[in-house]
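**Student:**
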Amino acid sequence: MILGVGFGEYVIDEWDRLFTLVVEHAQIVLMSVAIAVVVGVGLGMLTYRTERPRVAVLGVTGVFLTIPSFALFGLLISPLGLGTKPAVVALVMYALLPIVRNTITGLREVDPAVVESAQGMGMGRWRRLARIEFPLAWPIIITGIRVSTQILVGIAAIAAVINGPGLGKDIFRSLARVGTPTAVNQALAAVLGIVILGLLLDIAYLLIGRLTTSRGLRE
Amino acid sequence: MNDPMIRLEGVTKRYPGQDRPAVEHIDLNIPDGEIVIFVGPSGCGKTTLMKMINRLIEPTSGRIFIQGEDVTRANPDELRRRIGYVIQQIGLFPHMTIGDNIATVPKMLGWDSARISKRIDELLELVGLDGPTFRSRYPKQLSGGQRQRVGVARALAVDPPVMLMDEPFGAIDPITRDRLQNEFLRLQADIRKTIVFVTHDIDEAIKMGDRIAILREGAQVAQYDTPQHILSAPADDFVADFVGAGASLKRLNLTRVRDVELTFWPTVAIRADRAEVLSTLRASDKGAVLILDERQRPLRWVTARDIERGDIPLEQAGLEPEAIVEPQSTLQDALNLMLDSSHGAAVVVDGNGGYLGAVDFATVAHAIQGMRVEAREQLRAAAGLGDRGAAAS
Chain S
260 MILGVGFGEY VIDEWDRLFT LVVEHAQIVL MSVAIAVVVG VGLGMLTYRT
310 ERPRVAVLGV TGVFLTIPSF ALFGLLISPL GLGTKPAVVA LVMYALLPIV
360 RNTITGLREV DPAVVESAQG MGMGRWRRLA RIEFPLAWPI IITGIRVSTQ
410 ILVGIAAIAA VINGPGLGKD IFRSLARVGT PTAVNQALAA VLGIVILGLL
460 LDIAYLLIGR LTTSRGLRE
Chain A
307 MNDPMIRLEG VTKRYPGQDR PAVEHIDLNI PDGEIVIFVG PSGCGKTTLM
357 KMINRLIEPT SGRIFIQGED VTRANPDELR RRIGYVIQQI GLFPHMTIGD
407 NIATVPKMLG WDSARISKRI DELLELVGLD GPTFRSRYPK QLSGGQRQRV
457 GVARALAVDP PVMLMDEPFG AIDPITRDRL QNEFLRLQAD IRKTIVFVTH
507 DIDEAIKMGD RIAILREGAQ VAQYDTPQHI LSAPADDFVA DFVGAGASLK
557 RLNLTRVRDV ELTFWPTVAI RADRAEVLST LRASDKGAVL ILDERQRPLR
607 WVTARDIERG DIPLEQAGLE PEAIVEPQST LQDALNLMLD SSHGAAVVVD
657 GNGGYLGAVD FATVAHAIQG MRVEAREQLR AAAGLGDRGA AAS
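Protein sequences appear in the order of chains S and A. Take the first sequence: its letters are residues 260 to 478, numbered as in this note's numbering. Take the second sequence: its letters are residues 307 to 699, numbered as in this note's numbering.
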């Protein structure tokens, strides 16, 4: 019953602050995803043809994802200090695997006959990658980016332990004040904010995916 | 003879870790404007040999000349833009429209967009597709046969003198394949490209090739010759086995009715009386006489018994000639009709339906014998020159 009491009023009263936190949260997630896309798609493109580098990249990024997030944020304090910088580094590490893996899968799944005909028509390696292989792999790559974003929206909350920005701040504050009248409302509002942000971003990816995928590839 | 369009000199491909080369020291001349077929059992190296021409596979040694230029030293991408390339799976780019697919090489060569657009319509027209309808479609919206045609149009985009085709009709159902093959032959009669065509199907080779190179393991040329000669005079047992049973029947497909000496069956004009019909029949060794109308068109086959039966008018006596062929029909068509006909003869008529003669068993047997003798003589002449086999050009 404590739960319901005044939740609506809480959100209305705190709206400006909550909204700022949501924006901060979205910013750090999107910034980290953007960096992870550049690094991850790049790594994928460099390694998808060669067995050993490919296995190595997938192995390392896979290990990143298994490090408990609380521990990783903590471990980054000594080299990078507190605040946004270590938070972004940690989030990029978590975002890499789905992006790298889907880039590699997408590029490797391109029909070899299509690649051969491109080569046979005199397209060089990079032109082939940019004009043929990448656009064909794109639907799979953007799915990877979408998955990474979803993971980061959740994990970014933990960044609050190292003074990172976003809705995690409210969660940790409320945890520190368990038992006080507004603690539950505060945590609930932050969690709800994270869920809604996740949904909005997901919808945005669906739209972007549709708009950026060739009509010739859609069902 | 003119310089060949493509000349292979001692071309060899060796893969590391394999005892025998995949292709061993091939010399071959490919004449301008001809379809040359590389045919052989799987693993014989025919595709490897073809892909060395546009250097999708780099030769280990040897040289390849196109129009006299040594292309083993050229920039491979620039070389490939000058050579049309069609593969079995066609490999259209699924994310691009048909127009953009065709525009690929012109764009790389820096054509302006007006010229490219005009060329797209021209090429689609050439392969029998409506430009405005098809240029904005995507490959998945096309049937297999349509995709194949677009593949050919795309390969022809910058009008390259040379085309390489790797089993281009391999993935298409037999009925459509036959139609596309015929269309392609008609197209080739206009565009006169130098085409290297790889297939494992000897029947396709005979149908499509001006010249066939039959390859055995290591891409060794077992025989390089016209389809007629390969069928009439296989160079050795390998070729004979590969061509398979029924070589004579296959050859009938290459021969037109106009090329053979027709047999003359007795004919009688429609105005003739019974006595004249009977006397004509008696004077001939054939069992039936052909009644012709005023314009020399065949009307009925009539036998002595039909006449003796009594008072049926000539235009209703006997049987209607159903087996009718024209001079451009193949002997195989004629033979087929003949086998079903009442008197064992197919009637040959000209474009206006006028009687020219007939094809019967004697005609076919005589034609086959003639082909065999001719091929043997040519082969003997070639052997006398000491270059039988590889350098048949």
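C-beta: ideal position from N, C-alpha, C; glycine also. Since this is a predicted model, take the numbers as computed values, not measurements.
Nearest chain A C-beta to Ala372(S) closer than 9 Å, yes or no?
**Tutor:** Cβ-Cβ to chain A under 9 Å: yes for Ala372(S).
**Student:** Note down, in chain order, every chain A residue with its Cβ under 9 Å from the Cβ of Ser433(S).
**Tutor:** Ordered by position in chain A, no residue passes the 9 Å Cβ test against Ser433(S), which lies about 49 Å from the chain.
**Student:** To the nearest angstrom, how far is the alpha carbon of Arg474(S) from that of Pro445(A)?
**Tutor:** One C-alpha to the other measures close to 11 Å.
**Student:** For Ala474(A), name the three-state secondary structure that DSSP assigns.
**Tutor:** Rather than Ala, the amino acid found at residue 474(A) in this sequence is Pro. If DSSP states are grouped into helix, strand and coil, Pro474(A) belongs with coil.
**Student:** Give me the Cα-Cα distance between Phe371(A) and Gly405(A), rounded to the nearest whole angstrom.
**Tutor:** Cα to Cα, the separation comes out at about 32 Å.
**Student:** Decide if Asp465(A) is buried, meaning its Cβ has at least 16 other Cβ atoms within 10 Å, or exposed.
**Tutor:** Answer is exposed; the Cβ neighbour count stays below 16.
**Student:** What does the alpha-carbon distance come out to for the pair Val504(A) and Met471(A)?
**Tutor:** Distance between the alpha carbons of Val504(A) and Met471(A): 6 Å.
**Student:** Can the beta-carbon of Gln529(A) be found less than 9 Å from the beta-carbon of Val545(A)?
**Tutor:** Cβ distance < 9 Å, so Gln529(A) and Val545(A) count as in contact.
**Student:** Please classify Gly695(A): does DSSP put it in a helix, a strand, or coil?
**Tutor:** Here Gly695(A) scores only 44 on pLDDT, less than 50, and its place in the model is too uncertain to base an answer on.
**Student:** Hey, is Pro479(S)'s beta-carbon within less than 9 Å of any beta-carbon in chain A?
**Tutor:** Outside the displayed span of chain S (260 to 478) sits residue 479(S), for which this structure offers no information.
**Student:** Using the beta-carbon of each residue, which ones in chain A are nearer than 8 Å to Glu375(S)?
**Tutor:** Result: Leu362, Ile393, Gly397.
**Student:** In this structure, how does DSSP classify Val665(A) when only helix, strand and coil are distinguished?
**Tutor:** The answer is strand: DSSP assigns Val665(A) an E or B state.
**Student:** Looking at chain S, is there any beta carbon in it that lies within less than 9 Å of the beta carbon of Gly457(A)?
**Tutor:** It does: the Cβ of Gly457(A) has a partner Cβ on chain S nearer than 9 Å.
**Student:** So, using beta-carbon positions, are Leu584(A) and Ala610(A) closer together than 9 Å?
**Tutor:** Cβ atoms of Leu584(A) and Ala610(A): closer than 9 Å.
**Student:** Determine which residues share a DSSP beta bridge with Glu375(A) and list them.
**Tutor:** Partner(s): Ile372(A).
**Student:** Where does the unbroken alpha helix (DSSP H) through Val654(A) begin, and where does it stop?
**Tutor:** Per DSSP, Val654(A) belongs to no alpha helix (DSSP H); it is in the beta strand (DSSP E), 651 to 655.
**Student:** Please determine, among Thr471(S), Ala442(S), Asp429(S), Val412(S), the residue with the shortest C-alpha to C-alpha distance to Ile455(S).
**Tutor:** Looking at the Cα atoms, Val412(S) is the closest of the given residues.
**Student:** Can you check which of these residues, Tyr321(A), Ile312(A), Leu334(A), Ile343(A), is closest to Arg517(A) by C-alpha distance?
**Tutor:** With distances taken between Cα atoms, Arg517(A) lies closest to Ile343(A).
**Student:** Is the CB-CB distance between Leu476(S) and Leu395(S) below 9 Å?
**Tutor:** Cβ atoms of Leu476(S) and Leu395(S): closer than 9 Å.
**Student:** Would Met358(A) pass as an interface residue toward chain S - the criterion being a Cβ-Cβ separation below 9 Å?
**Tutor:** So no, Met358(A) is outside the interface.
**Student:** Taking the straight line between their C-alpha atoms, what separation do you get for Gln494(A) and Ile341(A)?
**Tutor:** The straight-line gap from Cα to Cα measures roughly 9 Å.
**Student:** Under the three-state reduction of DSSP, which class applies to Val670(A): helix, strand or coil?
**Tutor:** It is helical.
**Student:** Checking contacts by CB at 9 Å: is His401(A) closer than that to chain S?
**Tutor:** Taking Cβ atoms only, chain S reaches closer than 9 Å to His401(A), which makes this a yes.
**Student:** Could you name the residues of the segment 361 to 389 of chain A whose beta carbon sits closer than 7 Å to any beta carbon of chain S, in the order they occur along the chain?
**Tutor:** Going along the segment 361 to 389 of chain A in chain order, one finds Leu362, Asp383, Glu384, Arg386, Arg387 with a Cβ nearer than 7 Å to chain S.
**Student:** Inspect the beta-carbon positions of Thr586(A) and Gly663(A) and report whether they are closer than 9 Å.
**Tutor:** No. Outside cutoff.
**Student:** Mind checking if Pro445(A) is an interface residue toward chain S, Cβ cutoff 9 Å exclusive?
**Tutor:** Closer than 9 Å: yes.
**Student:** Check for me: the beta strand (DSSP E) holding Glu703(A) runs from which residue to which?
**Tutor:** Examination of residue 703(A) is not possible in this model, given that chain A is present from 307 through 699 alone.
**Student:** Given this structure, state the Cα-to-Cα distance separating Glu523(A) from Ala372(S), to the nearest angstrom.
**Tutor:** Near 25 Å, if we compare the C-alpha coordinates of Ala372(S) and Glu523(A).
**Student:** Which residues in chain S have a C-beta closer than 9 Å to the C-beta of Met414(A)? List them in chain order.
**Tutor:** By Cβ distance, chain S contributes Met380, Gly381, Met382, Arg386.
**Student:** Would you please verify whether the beta carbon of Gly475(S) is less than 9 Å from any beta carbon of chain A?
**Tutor:** Answer yes: the Cβ-Cβ gap between Gly475(S) and chain A drops below 9 Å somewhere.
**Student:** By DSSP, does Trp571(A) sit in helix, in strand, or in coil?
**Tutor:** Trp571(A): coil per DSSP, three-state reduction.
**Student:** Can you tell me where the beta strand (DSSP E) with Phe503(A) in it begins and where it stops?
**Tutor:** Here the beta strand (DSSP E) through Phe503(A) covers 500 to 505.
**Student:** What whole-angstrom Cβ distance do Ile336(S) and Ile421(S) have, given they're in contact under 8 Å?
**Tutor:** At roughly 6 Å, the Cβ-Cβ gap stays under 8 Å, so Ile336(S) and Ile421(S) are in contact.
**Student:** If you run the structure through DSSP and keep just helix, strand and coil, what is Glu315(A)?
**Tutor:** Glu315(A): strand per DSSP, three-state reduction.
**Student:** Note down the Cα distance separating Lys428(S) from Phe278(S), rounded to an integer number of angstroms.
**Tutor:** Spanning the two alpha carbons is a distance of roughly 13 Å.
**Student:** Can you find the residues in the same chain that come closer than 7 Å, C-beta to C-beta, to Ala687(A), ignoring five residues on each side of it along the sequence?
**Tutor:** Nothing listed; no residue qualifies.
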